Amino acid sequence: MQPLFIAGPCVIENMELLETVAEKLVSINKRLSTEIIFKASFDKANRTSIRSFRGPGLEKGLTMLNDIKTKYGLRILTDIHESWQAQPVGEVVDVIQIPAFLCRQTDLLTSAAKTGKIINIKKAQFLSGKDMRYPVEKALDSGATEVWLTERGNCFGYNNLVVDFRNIPDMKEIVPTVVMDCTHSVQRPGAANGTTGGDRQFIPAMAKAAKAFGANGYFFEVHPNPDKGLSDGPNMLPLDKLENLITELL
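Per this note's numbering, the sequence shown starts with residue 3, numbered consecutively.
1) Is Arg190 helix, strand or coil by DSSP?
2) Check each candidate in Leu110, Asp96 and Asn169 and name the one with the smallest Cα separation from Phe128.
3) With distance defined between alpha-carbon atoms, name the residue in Arg53, Trp150, Thr22 and Gly118 nearest to Asn218.
4) Among the candidates Leu110, Phe222 and Asn237, whose CA atom is the shortest distance from the CA of Pro228?
5) Excluding the 5 residues flanking Cys157 on each side, which residues of the same chain have their C-beta closer than 7 Å to its C-beta?
6) Where does the unbroken beta strand (DSSP E) through Thr152 begin, and where does it stop?
7) Can you round the beta-carbon distance between Glu139 and Thr185 to whole angstroms, since I take them to be within the 8 Å contact cut?
8) Whole alpha helix (DSSP H) runs in the stretch 109–186 with 4 or more residues, listed along the chain?
9) If you draw a straight line from the alpha carbon of Glu18 to that of Arg56, how long is it in whole angstroms?
10) Using a 10 Å radius around the Cβ and a threshold of 16 neighbouring Cβ atoms, would you call Pro101 buried or exposed?
11) Based on the DSSP secondary-structure assignment, which residues constitute the bridge partners of Gln99?
12) Please identify the residue among Ile39, Thr80, Val181 and Glu148 whose C-alpha is closest to the C-alpha of Gly285.
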């Protein structure tokens, strides 16, 4: 069974960016016989600074994501930050993602589960893999039929994340699909003068180490020019490096 791949820009910057990334994902899918799910956020509600770019918002963002889905035939994943967003988001996307900081928020989990969509819950930076059975229980008890878990590192002090790869097999005891977030795991939160820094050179190593520990999904935020990205630039993978990395993982 082929692994799951999720890729796309951190935030919706404009339609041109979405189309550039979507076209690349479609071409990779054709050449490698994969199915990469397209990811982008309509609102980054947890940016470090109030001055940081957040995205186009719910209504415009969902219209843009639906246009990508219709034109390119890609499945779509996006995240929600408030319970009321679940219903309209569920009408457009295929996978609803619960952000790591919010993975214990009961109302957020239950509202997402009630949409009938796949739920991808990112493990909080302050929880162990084994702790994730409780968010999964909340989603399943609220009607979710398929739940994924995503590893994205833990905080051990300030401005850095450390990945304990043992979380991957621990979470595979809870759900069949465990995704490695290979880009957010190399973040340095709040370490770049009011924005989040990162070490993108470690992204391939994160992916390969996760594979060794049994991950069966991989999450990559990608951008044609990460240094010009409006969110998470330092830890995004250059779009032109995605295909080679996927090839290695396959």
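Just so you know, even glycine gets a beta-carbon here, dropped at the ideal spot from N, CA and C.
A quick note: this is a predicted structure, and the numbers were derived from the prediction, not measured.
Looking at the atomic coordinates:
1) Here residue 190 refers to the residue found at position 188 when the sequence shown is read from its first residue. Of the three classes helix, strand and coil, the one that applies to Arg190 here is strand, per DSSP.
2) The sequence position of residue 128 within the sequence shown is 126, counting from 1. Check the Cα spacing between Phe128 and each of Leu110, Asp96 and Asn169: the tightest is with Asn169.
3) In the sequence shown, residue 218 corresponds to position 216, counting from 1. Checked all of Arg53, Trp150, Thr22 and Gly118; the closest Cα to Asn218 is Trp150.
4) In the sequence shown, the residue the question calls residue 228 occupies position 226. Nearest of Leu110, Phe222 and Asn237 to Pro228, Cα basis: Asn237.
5) The residue given as residue 157 occupies position 155 in the sequence shown. Closer than 7 Å at the Cβ level, and outside the excluded window around Cys157, lie Gln127, Phe128 and Leu163.
6) Here residue 152 refers to the residue found at position 150 of the sequence shown. Taken as a continuous stretch (DSSP letters only), the beta strand (DSSP E) holding Thr152 covers Val149 to Glu153.
7) In the sequence shown, counting from the first residue as 1, residue 139 sits at position 137. In the sequence shown, counting from the first residue as 1, residue 185 sits at position 183. Not quite, the Cβ-Cβ distance comes to about 28 Å (not below 8 Å), so this is no contact.
8) Taking 4 residues as the minimum length, the alpha helix (DSSP H) runs contained wholly in the stretch 109–186 are 135–143 and 169–174, in order along the chain.
9) The residue you call residue 18 lines up with position 16 of the sequence shown. The residue you call residue 56 lines up with position 54 of the sequence shown. Using only the alpha carbons, I get a separation of about 17 Å.
10) Position 99 of the sequence shown, counted from the first residue, corresponds to residue 101. Buried is the call here.
11) Here residue 99 refers to the residue found at position 97 when the sequence shown is read from its first residue. Answer is Asp81 and Asn122.
12) Within the shown structure, residues of the chain are numbered from 3 to 252, placing residue 285 beyond reach of any answer.
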